[in-house]
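Scroll down for the structure; my scribbles are underneath it.
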Amino acid sequence: MGLFSADLFPTKISFVVFISYMGLFINQGILVTASKSKDNSYSYNTVTVVLLTEVLKLVAAAVLFIKDKSCQCFFEDLFKHRKVLSLYFIPAALYCLYNNLQFVNLSAYDPTTYYLLLQFRVVVTGVIFQLIFKKQLSRIQWASLFILTLGCVIKEIRHDVSSAQTMTTAPTSVTDYLDIHLLFIMFQVFSSCFAGVYNEFLLKDTGVDVHIMMANVFMYLNSIICNLLILAYRGEFLEAFHHSSVMSILQPGVMAIIINNAAIGIVTSLFLRSLNSILKTFASALELMFTAVLCWIIFGIPVDLYTVMAIFIVSAATYLYAQNPVVNKARTEIEEDTKKDDPNPKDQIQLQLSPGQRHKPVLSV
1 MGLFSADLFP
11 TKISFVVFIS
21 YMGLFINQGI
31 LVTASKSKDN
41 SYSYNTVTVV
51 LLTEVLKLVA
61 AAVLFIKDKS
71 CQCFFEDLFK
81 HRKVLSLYFI
91 PAALYCLYNN
101 LQFVNLSAYD
111 PTTYYLLLQF
121 RVVVTGVIFQ
131 LIFKKQLSRI
141 QWASLFILTL
151 GCVIKEIRHD
161 VSSAQTMTTA
171 PTSVTDYLDI
181 HLLFIMFQVF
191 SSCFAGVYNE
201 FLLKDTGVDV
211 HIMMANVFMY
221 LNSIICNLLI
231 LAYRGEFLEA
241 FHHSSVMSIL
251 QPGVMAIIIN
261 NAAIGIVTSL
271 FLRSLNSILK
281 TFASALELMF
291 TAVLCWIIFG
301 IPVDLYTVMA
311 IFIVSAATYL
321 YAQNPVVNKA
331 RTEIEEDTKK
341 DDPNPKDQIQ
351 LQLSPGQRHK
361 PVLSV
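Take the sequence shown: its letters are residues 1 to 365, numbered as in UniProt numbering.
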């Protein structure tokens with residue numbers, strides 16, 4: 001048996017997408033950490049950064065679509081698939097919450113711990129994946145998910161909430177381990193899980209006939225609306241676009257965050273179209289090894305025994321999953337495979353499609 005199953009990366013492009021996804025996310029954690037002040041705050045408006053990132057994503061997706069099609073086709077598809085556009089408000093709102101919480105949580109946790117805590121989304125993603133796609137994960141797949149979660153728990157043992165502080169007294173109760181940032185992490189976990197799986201559902205089922213860059217346009221249009229609402233809610237709408245606020249964002253480090261995050265958005269859509277949400281969580285877990293080493297080299301953040309143990313467990317879980325990956329093809333791919341096996345596939349297509357792929361999503365806006 002090889003290092004991983006042939007089903008893990010069905011094409012060479014899917015492997016490139018996988019590596020790119022990991023690299024960009026590792027880079028994002030390091031860039032955001034480097035932009036923090038000595039008191040772990042940010043010298044720029046983080047909501048404005050997220051908003052400008054979404055604008056850059058929208059422009060990039062629109063340009064790539066028009067490059068493949070035409071400007072006229074762009075507006076025709078925008079009107080033709082307006083129902084799918086409305087459905088994208090759900091993952092867009094959740095991703096908006098996720099992106100804004102990223103800055104809050106990275107100000108309290110070092111990047112390695114931050115990504116380890118986010119791995120709680122692995123098991124949550126498995127549950128949501130089964131509910132939306134009506135696909136049962138195998139025992140080995142569930143085992144790999146729980147082993148991965150174990151790695152997260154081990155890393156959190158005896159860990160203080162802020163990497164800048166040193167623990168002076170041993171915790172005496174469960175409440176000593178809890179604080180508001182752990183609650184924010186949980187919000188991030190659930191928003192990430194549901195948004196990722198639902199986005200995959202739209203890409204592979206309801207919106208499978210929509211060009212992937214047009215699907216990105218739908219996502220980013222809704223994301224911009226959500227971020228504008230957050231600015232209005234916080235009373236920072238005018239302040240966010242004040243001259244001083246704009247100048248603080250025009251720093252090279254902050255611009256690098258915006259560009260890198262925009263690239264993440266495009267690559268994530270390619271990831272979910274060619275691979276699946278379960279593998280996406282494992283890609284996130286693999287980021288830990290590289291993030292831990294790079295943060296030790298760049299920022300001098302120590303890698304303790306618990307981190308080493310956690311990385312070892314995460315690696316073992318990833319290897320176990322790689323031998324038994326989830327296969328979740330788009331509806332059109334299933335239909336094409338059926339046509340190859342049966343020249344009259346009308347009766348067979350419905351049998352091969354999972355219940356989640358035969359019906360419209362249960363959520364709507």
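Beta carbons are placed, not taken as given, at the ideal position from N, Cα and C, and that holds for glycine. In this text, all values refer to a predicted model and were calculated from it rather than measured experimentally.
The secondary-structure analysis by DSSP pairs lysine 36 across a beta bridge with Tyr42. The C-alpha of asparagine 99 lies about 16 Å from the C-alpha of alanine 256.
Short of 7 Å from the beta carbon of valine 104, and not among the five residues preceding or following it, lie these beta carbons of its own chain, in chain order: Phe184.
Ranked by how close their Cα comes to the Cα of valine 47, the residues Lys67, Leu182, Arg234 have Arg234 in first place. Under the three-state reduction of DSSP, lysine 280 is assigned to helix. Our two residues, threonine 206 and aspartate 39, have alpha carbons roughly 46 Å apart in a direct line.
A distance below 6 Å between beta-carbons, with the five flanking residues on each side excluded, links glutamine 188 to the following residues of its chain, in chain order: Tyr98, Leu101. By the criterion of at least three beta-carbon pairs nearer than 8 Å, the stretch 302 to 312 is not in contact with the stretch 275 to 283. Straight-line spacing of the CA atoms in aspartate 7 and leucine 250 works out to 44 Å. Inter-residue distance for valine 308 and tyrosine 95 is about 30 Å (C-alpha atoms, whole angstroms). In this structure, the beta-carbon distance from glycine 29 to threonine 291 falls below 8 Å. The three-state secondary structure of arginine 82, taken from DSSP, is helix. Under the DSSP assignment, glutamate 239 falls in the alpha helix (DSSP H) whose first and last residues are 237 to 240. When the Cα atoms are used, valine 84 and phenylalanine 218 turn out to be separated by approximately 8 Å.
Comparing C-alpha distances from phenylalanine 9 to each of Ile334, Tyr321, Glu336 shows the shortest one belongs to Tyr321. Separation of the CB atoms of asparagine 216 and serine 269 is rounded to 5 Å, and the pair is thereby assigned contact status at 8 Å. Between phenylalanine 74 and asparagine 328, the CB-CB gap reaches or exceeds 8 Å.
In this structure the stretch 116 to 128 touches the stretch 188 to 200; the number of beta carbon pairs closer than 8 Å is three or more. Boundaries cannot be given for alanine 330, as no alpha helix (DSSP H) includes it and DSSP labels it neither H nor E. For the pair glycine 151 and isoleucine 26, the CB atoms are not nearer than the 8 Å cut-off.
The alpha helix (DSSP H) runs of length 4 or more contained entirely in the stretch 85 to 135 are, from start to end of the chain, 89 to 106, 111 to 118, 121 to 133. Between the beta-carbon of alanine 61 and that of isoleucine 266 there is about 7 Å, and that keeps the pair under the 8 Å contact cut. For the set Phe15, Asn227, Asp77, Val122, the Cα lying nearest the Cα of serine 284 is the one of Val122. Excluding residues up to 5 positions away in sequence, Val217, Tyr220, Leu221, Ile224 lie with their Cβ nearer than 7 Å to the Cβ of leucine 58 in the same chain.
Going by DSSP, alanine 310 is part of the alpha helix (DSSP H) stretching over 305 to 323. In the DSSP assignment, phenylalanine 201 falls within the unbroken alpha helix (DSSP H) covering 180 to 201. A check of alpha carbon separations from glutamate 335 across Val246, Ile154, Asp68, Asp209 identifies Asp209 as the nearest. As the crow flies, the alpha-carbon of leucine 51 is around 6 Å from that of asparagine 227. DSSP places leucine 250 outside any alpha helix (DSSP H), giving it a letter other than H or E.
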